[in-house]
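Q: Right, I'll just put the structure down here and ask away after.
There are 2 protein chains.
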Amino acid sequence: MLKKITVAVDAMGGDNSPLKVINGINHHFQTNKNIFYKIFGNNEEIKKILPTTLPETCFEIIHTNEKVKGTDSPLSAARGKDTSMWLAIDSVKKKDADIVISAGNTGALFVIAKLNLKMIENIDKPALAGLWPNQNGTNIVLDLGASIDCSEKNLVDFSIMGSALFKALFPTEDPKVAILNIGSEEIKGHEIIKKAYEVLNSSNNFNFKFNGYIEGNQIMDGLSNVIITDGFTGNVALKTAEGTANFITKELKKTMTGNLFGKISSLINIKNINNFKKRFDPRLYNGAILLGLDSPVVKSHGYTDYIGFSNSLKMCEKIVSGNLIEKIKQSID
Amino acid sequence: MLKKITVAVDAMGGDNSPLKVINGINHHFQTNKNIFYKIFGNNEEIKKILPTTLPETCFEIIHTNEKVKGTDSPLSAARGKDTSMWLAIDSVKKKDADIVISAGNTGALFVIAKLNLKMIENIDKPALAGLWPNQNGTNIVLDLGASIDCSEKNLVDFSIMGSALFKALFPTEDPKVAILNIGSEEIKGHEIIKKAYEVLNSSNNFNFKFNGYIEGNQIMDGLSNVIITDGFTGNVALKTAEGTANFITKELKKTMTGNLFGKISSLINIKNINNFKKRFDPRLYNGAILLGLDSPVVKSHGYTDYIGFSNSLKMCEKIVSGNLIEKIKQSID
Numbered sequence: 014m015l016k017k018i019t020v021a022v023d024a025m026g027g028d029n030s031p032l033k034v035i036n037g038i039n040h041h042f043q044t045n046k047n048i049f050y051k052i053f054g055n056n057e058e059i060k061k062i063l064p065t066t067l068p069e070t071c072f073e074i075i076h077t078n079e080k081v082k083g084t085d086s087p088l089s090a091a092r093g094k095d096t097s098m099w100l101a102i103d104s105v106k107k108k109d110a111d112i113v114i115s116a117g118n119t120g121a122l123f124v125i126a127k128l129n130l131k132m133i134e135n136i137d138k139p140a141l142a143g144l145w146p147n148q149n150g151t152n153i154v155l156d157l158g159a160s161i162d163c164s165e166k167n168l169v170d171f172s173i174m175g176s177a178l179f180k181a182l183f184p185t186e187d188p189k190v191a192i193l194n195i196g197s198e199e200i201k202g203h204e205i206i207k208k209a210y211e212v213l214n215s216s217n218n219f220n221f222k223f224n225g226y227i228e229g230n231q232i233m234d235g236l237s238n239v240i241i242t243d244g245f246t247g248n249v250a251l252k253t254a255e256g257t258a259n260f261i262t263k264e265l266k267k268t269m270t271g272n273l274f275g276k277i278s279s280l281i282n283i284k285n286i287n288n289f290k291k292r293f294d295p296r297l298y299n300g301a302i303l304l305g306l307d308s309p310v311v312k313s314h315g316y317t318d319y320i321g322f323s324n325s326l327k328m329c330e331k332i333v334s335g336n337l338i339e340k341i342k343q344s345i346d
Numbered sequence: 014m015l016k017k018i019t020v021a022v023d024a025m026g027g028d029n030s031p032l033k034v035i036n037g038i039n040h041h042f043q044t045n046k047n048i049f050y051k052i053f054g055n056n057e058e059i060k061k062i063l064p065t066t067l068p069e070t071c072f073e074i075i076h077t078n079e080k081v082k083g084t085d086s087p088l089s090a091a092r093g094k095d096t097s098m099w100l101a102i103d104s105v106k107k108k109d110a111d112i113v114i115s116a117g118n119t120g121a122l123f124v125i126a127k128l129n130l131k132m133i134e135n136i137d138k139p140a141l142a143g144l145w146p147n148q149n150g151t152n153i154v155l156d157l158g159a160s161i162d163c164s165e166k167n168l169v170d171f172s173i174m175g176s177a178l179f180k181a182l183f184p185t186e187d188p189k190v191a192i193l194n195i196g197s198e199e200i201k202g203h204e205i206i207k208k209a210y211e212v213l214n215s216s217n218n219f220n221f222k223f224n225g226y227i228e229g230n231q232i233m234d235g236l237s238n239v240i241i242t243d244g245f246t247g248n249v250a251l252k253t254a255e256g257t258a259n260f261i262t263k264e265l266k267k268t269m270t271g272n273l274f275g276k277i278s279s280l281i282n283i284k285n286i287n288n289f290k291k292r293f294d295p296r297l298y299n300g301a302i303l304l305g306l307d308s309p310v311v312k313s314h315g316y317t318d319y320i321g322f323s324n325s326l327k328m329c330e331k332i333v334s335g336n337l338i339e340k341i342k343q344s345i346d
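If you read the sequences in order, they're chains A and B. Following my numbering, the numbering of the first sequence begins with 14 at its first residue and continues without gaps. Following my numbering, the numbering of the second sequence begins with 14 at its first residue and continues without gaps.
See below:
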């Protein structure tokens with residue numbers, strides 16, 4: 014039997030917690046028995062909602078009265094050393110857990126993780142990596158906002174870390190890296206981007222294929238699957254894509270069901286509509302990974318539900334069983 | 014009667030030119046008689062396709078054998094002084110025309126325009142401004158790629174120029190400016206953005222309302238209508254939005270018509286589908302304006318058709334009759 018994976022779970026972060034976190038754990042456990050959940054949060058609140066389908070041997074509750082609120086500033090949150098978030102991170106620091114996950118305050122999670130966990134040797138800046146659908150499957154995009162200003166070395170490091178993450182999550186596929194730019198010609202873009210391009214283009218020692226530059230409209234074409242950019246640009250791109258997707262589906266829904274013909278036609282087409290919704294369900298892409306630290310830290314969306322949280326737990330499992338941190342260390346050397 | 018507006022038209026740029034340009038002029042002329050078209054291009058080619066509905070009194074052909082190709086580098090294109098693009102720009106320089114429009118090579122258009130036309134006093138960098146649909150109407154977004162690195166002064170200038178353009182295009186609405194950032198709190202983002210925020214937030218002397226920061230997912234919510242960003246971020250955001258919109262509509266179409274139920278339902282709903290297509294027809298948003306030069310330069314998409322080109326001509330008309338350049342000069346002072 015495989016060694017059990019221990020996940021440190023901040024049960025108190027995000028909307029509708031701890032209920033969605035506990036239900037997410039229960040949902041995840043039904044298909045994954047090889048995990049032990051260290052649950053950090055309010056004992057009383059959690060015990061009240063524990064499902065009977067979750068055996069006591071698969072989890073442990075570490076009680077804490079304190080939690081980081083969504084409205085806390087990262088720095089004020091980092092002052093409290095007995096919040097569920099701090100203690101969950103502390104447990105991976107002490108090697109009591111293999112990975113930590115929270116659906117709470119993103120800024121606080123970054124600051125507390127950076128305060129407690131060491132950076133991997135030779136990596137200077139962390140990156141937040143997220144999943145993004147493309148025509149053939151899924152992209153990893155990084156950085157989504159952890160490091161606003163990036164040097165060429167940071168971008169090269171992001172390529173290495175992003176490829177290692179891609180390999181851990183999709184072991185049967187090959188990572189193909191591209192740098193997000195405003196043109197595909199070598200002369201386009203910032204100096205920093207051009208220098209990163211040169212480094213990535215001039216060596217065959219990387220564990221990925223380098224596809225050069227892509228533009229924003231090529232992120233989803235599936236030709237590259239690890240997309241590299243600085244944290245400012247990546248965050249704007251991700252949120253612009255989310256905004257555009259919401260805008261179109263909302264407007265389309267209004268138009269399509271705005272009159273009787275629309276309503277009838279939507280009824281006939283309900284199965285196709287549901288298939289579409291299923292394929293692009295944001296819960297499938299829930300979970301971003303803070304890379305660069307010597308323990309893996311996973312951020313679930315605050316507004317996701319228990320199914321989204323369960324999907325992030327699946328991601329945790331793949332990251333640990335795929336030996337992500339070891340893979341990054343080997344590639345950086 | 015109003016003074017006639019003279020538009021210098023590069024007839025040879027973009028896909029399927031000069032046919033789409035001449036048909037675009039003809040289409041535009043049918044609803045706008047107050048315009049004179051100075052058409053720069055190959056006399057013989059143009060004469061062959063001139064529609065009989067276009068009276069000879071409303072245009073003039075200035076013959077040239079040369080044209081800028083889509084594949085020319087901007088610098089090599091700028092060496093040819095008798096291309097249709099160069100001569101069209103030269104005619105606004107000489108005040109023989111009020112505005113110039115081209116559907117040709119974007120990089121070449123920028124370089125030739127910057128070589129020939131002066132910057133407006135006190136404006137250091139140009140910006141490319143484009144139209145973007147939002148929930149209540151239309152946004153102006155700038156810069157979309159003319160100036161990759163921007164100072165806080167550049168961003169403030171973009172706010173002034175973008176608002177003046179908004180007023181020229183939508184005279185009954187009020188410009189509401191926002192800076193694109195990765196969070197709405199004052200502490201988020203680059204130093205340059207924060208300084209621009211301070212300037213815009215501390216003065217009541219601007220001819221627009223300042224709404225602070227917005228994130229990528231708020232671009233289309235309609236609360237702000239002049240969105241300010243540097244040329245790198247703006248270009249990535251625009252193309253990511255285009256890519257996302259294309260991806261969703263393509264995938265949705267595949268899902269919705271992939272089987273018999275889908276096909277029947279699409280037939281029933283054809284009117285709604287067509288209304289949706291009409292509202293977000295990219296041809297409605299065709300035309301970007303290079304701001305900062307002391308004459309207006311309009312770039313039509315290369316791949317648009319004659320209706321899209323005709324819409325850009327409408328934009329030219331509004332820019333000239335709305336006294337855009339004068340408005341910018343007054344606001345900058």
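A virtual CB, placed ideally from N, CA and C, is assigned to each residue, including glycine. Computed from a predicted structure; not experimentally measured.
Give the DSSP-derived three-state secondary structure of SER115 of chain B in the structure shown.
A: In this structure, SER115 of chain B counts as strand in the three-state DSSP scheme.
Q: Using a C-beta to C-beta distance shorter than 9 Å, which residues of chain A count as neighbours of ALA91 of chain B?
A: Within chain A, no residue comes near ALA91 of chain B; the closest Cβ sits about 15 Å away, beyond 9 Å.
Q: Does the count of Cβ pairs from the segment 38 to 45 of chain A and the segment 319 to 328 of chain A closer than 8 Å reach three?
A: Taking 8 Å as the limit for Cβ pairs, the verdict is that the segment 319 to 328 of chain A does touch the segment 38 to 45 of chain A.
Q: Assign LYS127 of chain B to one of two classes, buried (16 or more other C-beta atoms within 10 Å of its C-beta) or exposed (fewer than that).
A: Burial call: buried.
Q: Going straight from the alpha carbon of ALA254 of chain B to that of LYS276 of chain B, what length do you get?
A: One C-alpha to the other measures close to 28 Å.
Q: Decide if the segment 246 to 261 of chain B is in contact with the segment 157 to 176 of chain B; the criterion is three or more beta carbon pairs, one per stretch, under 8 Å apart.
A: The segment 246 to 261 of chain B is in contact with the segment 157 to 176 of chain B.
Q: Compute the distance between the beta-carbons of ILE125 of chain A and MET98 of chain A, then report whether it is under 8 Å.
A: Contact: yes.
Q: Quick one: give me the first and last residue of the alpha helix (DSSP H) that GLY175 of chain B is part of.
A: First-last of the alpha helix (DSSP H) with GLY175 of chain B: 165 to 182.
Q: Looking at the strands, I want to know which residues DSSP matches up with LYS132 of chain A.
A: It is worth fixing the name first, because residue 132 of chain A is Met in this sequence and not Lys. Paired residue(s): A:LEU306.
Q: To which residues of the same chain is PHE223 of chain B closer than 7 Å at the C-beta, ignoring the five residues directly before and after it?
A: Contacts found: VAL190, LEU213, ASN214.
Q: Closest to LYS208 of chain A by C-alpha separation, out of A:ASN167, A:GLY93, A:PRO309, would be which residue?
A: That would be A:ASN167, whose Cα lies nearest to the Cα of LYS208 of chain A.
Q: With a threshold of 8 Å between beta-carbons, can VAL154 of chain A be considered close to chain B, or not?
A: For VAL154 of chain A, the answer is no, since every Cβ of chain B falls outside 8 Å of its Cβ.
Q: Taking only beta carbons into account, state which residues of the segment 168 to 201 of chain B come closer than 7 Å to chain A, listed in chain order.
A: Answer set for the segment 168 to 201 of chain B: LEU193, ILE195.
Q: Looking only at its own chain, which residues have a Cβ that is under 6 Å from the Cβ of GLY4 of chain A, when we skip the five neighbours before and after it?
A: The structure shown does not extend to residue 4 of chain A, since chain A spans only 14 to 346, so no value can be given for it.
Q: Report all residues from its chain with a CB closer than 7 Å to the CB of SER164 of chain A; omit the five preceding and five following residues, and keep chain order.
A: Hits under 7 Å: ILE205.
Q: Determine whether the beta carbon atoms of VAL81 of chain A and GLY27 of chain A lie at a separation below 8 Å.
A: Their beta carbons are not under 8 Å apart, which means VAL81 of chain A does not touch GLY27 of chain A by this criterion.
Q: Contact between the segment 15 to 23 of chain B and the segment 99 to 115 of chain B: three or more CB pairs below 8 Å?
A: Output reads yes: the segment 99 to 115 of chain B touches the segment 15 to 23 of chain B.
Q: What do you reckon, are the CB atoms on ILE261 of chain A and ILE261 of chain B nearer than 8 Å?
A: Closer than 8 Å, so yes.
Q: Give the C-beta separation of PRO139 of chain B and LEU304 of chain B to the nearest angstrom, bearing in mind that I take them to be a contact with Cβ-Cβ under 8 Å.
A: Going by Cβ atoms, the distance from PRO139 of chain B to LEU304 of chain B rounds to 6 Å, so yes, they are a contact pair.
Q: Taking LEU265 of chain A as the query, report the chain B residues whose CB atoms sit under 8 Å from its CB, ordered along the chain.
A: Result: LEU265, PHE289.
Q: How about PHE123 of chain B: is its C-beta nearer than 8 Å to some C-beta of chain A?
A: By this cut-off, PHE123 of chain B is not an interface position.
Q: Measure the beta-carbon distance from ILE102 of chain B to PHE72 of chain B and round it to whole angstroms, keeping in mind my assumption that it falls under 8 Å.
A: With 8 Å as the limit, ILE102 of chain B and PHE72 of chain B do not qualify as a contact, their Cβ atoms being about 18 Å apart.
Q: Looking at ASN238 of chain B and ASN299 of chain B, is the spacing between their C-beta atoms short of 8 Å?
A: It is not a contact, given that the beta carbons lie outside the stated cut-off.
Q: Could you tell me which residues DSSP pairs with PRO146 of chain A in its beta bridges?
A: In the DSSP output, where bridge partners are listed per residue, PRO146 of chain A has A:THR151.
Q: Which term fits GLU69 of chain A, buried or exposed, when burial requires 16 or more other beta carbons within 10 angstroms of its beta carbon?
A: Exposed is the call here.
Q: Need the endpoints of the alpha helix (DSSP H) that VAL333 of chain B sits in, please.
A: 319 to 334 is the span of the alpha helix (DSSP H), which, as asked, contains VAL333 of chain B.
Q: Which runs of the beta strand (DSSP E) at least 3 residues long sit entirely within the segment 195 to 262 of chain A? Give them in chain order.
A: Runs found: 222 to 227, 239 to 241.
Q: If we count the other Cβ atoms within 10 Å of its Cβ and call it buried at 16 or more, is TYR210 of chain A buried or exposed?
A: Buried: at least 16 other Cβ atoms inside 10 Å.
Q: Quick one, which residues of the segment 222 to 234 of chain B are near chain A if we go by CB-CB under 9 Å, in chain order?
A: Those residues of the segment 222 to 234 of chain B that come within reach of chain A (Cβ to Cβ, closer than 9 Å) are GLU228, GLY229, ASN230, GLN231, ILE232, MET233, ASP234.
Q: Starting from LYS252 of chain A, find everything on chain B with Cβ-Cβ shorter than 7 Å and list it in chain order.
A: In chain order: GLU228, GLY229, ASN230.
Q: Give the secondary structure of TYR316 of chain B by DSSP, where H, G and I count as helix, E and B as strand, and everything else as coil.
A: Looking at TYR316 of chain B - three-state DSSP - the assignment turns out to be coil, as it is neither helix nor strand.
Q: If the cut is a Cβ gap below 7 Å, which residues of chain B does GLU255 of chain A touch?
A: Here the neighbours are ASN230.
Q: Does the CB of ASN248 of chain A have a neighbour CB from chain B at under 8 Å?
A: It does; some Cβ of chain B falls within 8 Å.
Q: Go ahead and pull the three-state DSSP assignment for LYS189 of chain B.
A: If DSSP states are grouped into helix, strand and coil, LYS189 of chain B belongs with the strands.
Q: Can you name the start and end residues of the alpha helix (DSSP H) that ASP103 of chain B belongs to?
A: Per DSSP, ASP103 of chain B belongs to the alpha helix (DSSP H) from 97 to 106.
Q: Can you grab the Cα-Cα spacing for the pair VAL376 of chain B / SER176 of chain A, in whole Å?
A: Residue numbering for chain B in the displayed model covers 14 to 346; residue 376 of chain B lies beyond these limits and cannot be assessed.
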